[in-house]
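Pasting the structure below:
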């Protein structure tokens, strides 16, 4: 019987790899509960010291509450807006006939080929001329329009049965009604997959928030935490506490919606 | 954000509605016009948004790359000056070498992901879900937080890694502050954080391989290892091709990890390893928003676009040599 032995070998390799995967998180938790002198002791102690007040002290280091709220509002605004707008365009491309449909879809797709860094300077100039620097709308508005969202949802709409739509049409329903009452409910798995991906990218986004919102109270968590890096003396335990709290919401959503996360990524092969 | 169409999408594409005109209860001509108007109305918000925030900006960036920006606003046409400067700039050269080095090292993550996906893909493996979750955790964690955690692990004096090494009598370097190790240390974090993502794609690819192939191989007396090399790997090559395309495009755009590990601006230059960490996008950010040299920064991202296009084209050329389509 070599079957069980092969299994055992697989488990040993997988457990070793899992340890490598979780150690940085575990060490982050341990460090977040130490004093600064405890964290910088040589040799390092593997035990936490129960310094829970580090989690309160991140509010002194950063306007953490503001930044948390900014991040929540940005992620929520982008997710709801992008899913709604993308689903409208995706429905039109998948189900409605109009002159230039193929050409327009090609133009949409061409946006996907361009690395996003090419948009940054002109987008910044737009925000500057609108007087939107250091505002919530600067964080949200450019993130509402997504060729990727249209592409992903169009694939879902193409796969839906036509019968219900035909029946509704015979009953006199127009495109708006068909979109809202038939297509959107049927496309729920696609909408959820897109939502979790947009949420993930928005929450973790760094370059754009760093560029447009430089006032600490208007920053997002990622930019706020990154801005502490340049400082001469960094209180690492507090920084670790802040990093953990900043990552936690998306990790929690991931644990609850694992299937949607993984399907969204496996089906589209897209990474933020 | 990057995207490449997978072979699987071709199937969905074939499921597209046939170009047969849907029947309308009312007058045909009017229904058609109404449908077209609705179509334009539905795509208008995203269409206008993409035009304003994506399409027009690409043209503007190309234009900006031919100008020089004054400190008090306004830019003057300088033709190809920025590009000439770029070719002679040692900092650009270093950023390019680092970015390409990081990209090459990152490809080592692909075989690693294939091996772990194969281990997880065994039928009836206990705890497969738990392993998959643990592998995937770094993919969803904020990159800034990931970089913070690793910076601390890599710390030369108080870091856990050097403590571990000291237990076996090795005196570890200052990882990201040592020019000799900085790029490797960075690449290791990149591989660690992308492993779960690649693994999920490979798992999906493996699950699409028909069981009959393995049954046939078993009848022919092929063991586990032979099956992996003779059945799994060849049939997985289109997935590996896709992952390598995505991974190269992603690596060429590396920013978050470097920004946290190396920083930006004058303070960051105090790190002796800074010249070995700076990437193209990090240099772009620095020129565009720290030193306000936007025309030059625009030229740097145009160079990035050309680099990504060239690398993708090369990979498509090379695929004939190693990718097997069933």
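Chains as they are written, first to last, in full-length UniProt numbering: chain U, 1 to 272; chain B, 1 to 326. Virtual Cβ for every residue (Gly too), placed ideally from N, Cα, C.
Out of the options, which one is the CA nearest neighbour of residue i?
i, options, result
"residue 154 of chain B", "B:171, B:139, B:141 and B:142", "B:171"
"residue 96 of chain U", "B:37, B:107 and B:69", "B:37"
"residue 140 of chain U", "U:48, U:81, U:11 and U:264", "U:81"
"residue 119 of chain U", "B:53, B:116 and B:163", "B:53"
"residue 188 of chain U", "U:42, U:37, U:256 and U:264", "U:264"
"residue 44 of chain B", "U:8, U:23, U:70 and U:93", "U:93"
"residue 298 of chain B", "B:62, B:32, B:35 and B:116", "B:62"
"residue 182 of chain U", "U:164, U:234, U:198 and U:197", "U:164"
"residue 60 of chain U", "U:258, U:222, U:216 and U:252", "U:216"
"residue 167 of chain B", "U:43, U:219, U:32 and U:180", "U:43"
"residue 23 of chain U", "B:217, B:244, B:324 and B:161", "B:161"
"residue 111 of chain U", "B:314, B:315, B:324 and B:305", "B:305"
"residue 8 of chain U", "B:199, B:122, B:104 and B:316", "B:122"
"residue 64 of chain U", "U:25, U:192, U:228 and U:91", "U:228"
"residue 196 of chain U", "U:83, U:222 and U:145", "U:83"
"residue 169 of chain U", "B:81, B:314 and B:31", "B:31"
"residue 144 of chain U", "B:46, B:296, B:301 and B:322", "B:46"
"residue 175 of chain B", "B:245, B:318, B:150 and B:233", "B:150"
"residue 17 of chain U", "B:51, B:193 and B:94", "B:193"
"residue 15 of chain U", "B:163, B:125 and B:169", "B:125"
"residue 187 of chain B", "B:215, B:114, B:165 and B:103", "B:103"
"residue 132 of chain U", "U:28, U:226 and U:218", "U:218"
State the start and end residues of the unbroken alpha helix (DSSP H) segment that holds residue i.
i, result
"residue 66 of chain U", "64-95"
"residue 68 of chain B", "Careful: residue 68 of chain B lies outside any alpha helix (DSSP H), inside the beta strand (DSSP E) at 67-69."
"residue 294 of chain B", "294-322"
"residue 33 of chain U", "Here residue 33 of chain U belongs to no alpha helix (DSSP H), and DSSP marks it neither H nor E."
"residue 59 of chain U", "54-61"
"residue 81 of chain B", "81-88"
"residue 179 of chain U", "Counting along the chain, residue 179 of chain U falls outside any alpha helix (DSSP H), and DSSP gives it neither H nor E."
"residue 202 of chain B", "182-207"
"residue 174 of chain B", "It is not in any alpha helix (DSSP H) - residue 174 of chain B carries neither H nor E in the DSSP assignment."
"residue 213 of chain U", "First-last for residue 213 of chain U: undefined, no H or E at that position."
"residue 224 of chain B", "224-227"
"residue 237 of chain B", "233-252"
"residue 325 of chain B", "Neither: residue 325 of chain B is in no alpha helix (DSSP H) and is coded neither H nor E."
"residue 42 of chain U", "Where residue 42 of chain U is concerned, there is no enclosing alpha helix (DSSP H), given that its DSSP letter is neither H nor E."
"residue 51 of chain B", "Residue 51 of chain B -> no alpha helix (DSSP H), and no H or E assigned at all."
"residue 218 of chain B", "211-219"
"residue 164 of chain B", "160-167"
Is the Cβ-Cβ distance between residue i and residue j less than 7 Å?
i, j, result
"residue 51 of chain U", "residue 35 of chain U", "yes"
"residue 77 of chain B", "residue 67 of chain B", "yes"
"residue 236 of chain B", "residue 109 of chain B", "no"
"residue 179 of chain B", "residue 273 of chain B", "yes"
"residue 177 of chain B", "residue 271 of chain B", "yes"
"residue 141 of chain B", "residue 247 of chain U", "yes"
"residue 294 of chain B", "residue 121 of chain U", "yes"
"residue 255 of chain B", "residue 207 of chain U", "yes"
"residue 200 of chain U", "residue 255 of chain U", "no"
"residue 182 of chain B", "residue 276 of chain B", "yes"
"residue 20 of chain U", "residue 48 of chain U", "no"
"residue 237 of chain U", "residue 220 of chain U", "no"
"residue 310 of chain B", "residue 203 of chain B", "no"
"residue 32 of chain U", "residue 241 of chain U", "yes"
"residue 152 of chain U", "residue 194 of chain U", "yes"
"residue 106 of chain B", "residue 190 of chain B", "yes"
"residue 72 of chain U", "residue 108 of chain U", "no"
"residue 200 of chain B", "residue 266 of chain U", "yes"
"residue 242 of chain B", "residue 323 of chain B", "no"
"residue 301 of chain B", "residue 117 of chain U", "yes"
"residue 224 of chain U", "residue 67 of chain U", "yes"
"residue 74 of chain B", "residue 98 of chain U", "no"
"residue 278 of chain B", "residue 88 of chain B", "no"
Tell me the residue span of the beta strand (DSSP E) that contains residue i.
i, result
"residue 76 of chain B", "75-77"
Whose Cβ in chain C lies nearer than 9 Å to the Cβ of residue i?
i, result
"residue 304 of chain B", "In the structure shown, chain C cannot be found, because the protein chains are U and B."
Write down every uninterrupted run of the beta strand (DSSP E) in the stretch 262-292 of chain B whose length is 3 residues or greater and which is fully enclosed by it, in chain order.
With a minimum length of 3 residues, no continuous beta strand (DSSP E) run stays inside the stretch 262-292 of chain B.
Closer than 8 Å is the cut-off here; do at least three beta carbon pairs connect the stretch 139-150 of chain B with the stretch 248-261 of chain B?
Flag = yes, the stretch 139-150 of chain B and the stretch 248-261 of chain B touch.
Which runs of the alpha helix (DSSP H), 4 residues or longer, sit entirely within the stretch 104-154 of chain B?
Counting only runs of 4 or more residues that sit fully inside the stretch 104-154 of chain B, the alpha helix (DSSP H) segments are 109-120, 128-140 and 143-154, in chain order.
Whether or not the stretch 224-231 of chain B and the stretch 78-95 of chain U are in contact is what I'm after, with contact meaning three or more pairs of Cβ atoms, one per stretch, closer than 8 Å; do they touch?
By the Cβ test, the stretch 78-95 of chain U is not in contact with the stretch 224-231 of chain B, since fewer than three Cβ pairs between them sit closer than 8 Å.
Could you pull out every unbroken alpha helix (DSSP H) segment of at least 4 residues lying fully inside the stretch 83-158 of chain U, listed in chain order?
Qualifying alpha helix (DSSP H) stretches, in chain order: 101-112, 117-130, 136-140 and 147-158.
Are three or more beta carbon pairs between the stretch 130-139 of chain B and the stretch 208-224 of chain B nearer than 8 Å?
Too few Cβ pairs lie closer than 8 Å, so no.
Touch check for the stretch 64-80 of chain U and the stretch 121-140 of chain U: three-plus C-beta pairs under 8 Å?
At 8 Å Cβ cutoff, the stretches touch.
At a cut of 8 Å, does the stretch 235-254 of chain B reach the stretch 95-114 of chain B through at least three beta carbon pairs?
Touching, per the Cβ criterion.
Taking the runs of the beta strand (DSSP E) that are 3 residues or longer, which of them lie wholly in the stretch 5-30 of chain U?
Taking only runs of at least 3 residues, no beta strand (DSSP E) segment lies wholly in the stretch 5-30 of chain U.
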